[in-house]
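Take a look at the structure set out below.
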Amino acid sequence: ASQDNIRLWNITELDSKSSLRPFQIIAGHHGGLISNVHIDPTCKYMITTSGNREWEGPSTNGCLFYDIQPLL
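Each residue of the sequence shown is one higher than the last, beginning at 1 in full-length UniProt numbering.
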């Protein structure tokens, strides 16, 4: 995760000489600091939380849920 978005990496493309990015940006906690990423045991859902315990001032404290769809 980055400061406010998640990068979903395709590790099979890391060694390729393609000019395409080897990751996809998943919109997330805009302006927030991602503090946790959890994938449930069935790999159907991903949960992310944001917050910095207000160490750097007010922050976006939130929780986002994502559906994971397998690529065929």
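C-beta: ideal position from N, C-alpha, C; glycine also. All figures in this text were calculated on a predicted structure; none of them were measured in a lab.
Checklist entry - Between which two residues does the beta strand (DSSP E) carrying Gln24 extend? => result Position 24 of the sequence shown, counted from the first residue, corresponds to residue 24. It spans 23–26 - the beta strand (DSSP E) in which Gln24 sits, taken as one unbroken run.
Checklist entry - Should Thr60 go down as buried or exposed, given a rule of 16 or more other Cβ atoms within 10 Å for buried? => result Your numbering for residue 60 matches position 60 in the sequence shown. Result: exposed.
Checklist entry - beta strand (DSSP E) containing Asp40: first to last residue? => result Residue numbering aside, residue 40 sits at position 40 when the sequence shown is read from its first letter. Note, Asp40: premise wrong, no beta strand (DSSP E); not H, not E.
Next on the checklist: Classify Gly62: buried if its beta carbon has 16 or more other beta carbons within 10 angstroms, exposed otherwise.
Outcome noted: The residue given as residue 62 occupies position 62 in the sequence shown. By the 10 Å Cβ count, Gly62 comes out exposed.
Checklist entry - What's the C-alpha gap between Gly28 and Lys17? => result Residue 28 sits at position 28 when you count from the first residue of the sequence shown. Residue 17 sits at position 17 when you count from the first residue of the sequence shown. Answer to the nearest angstrom: the Cα atoms are 29 angstroms apart.
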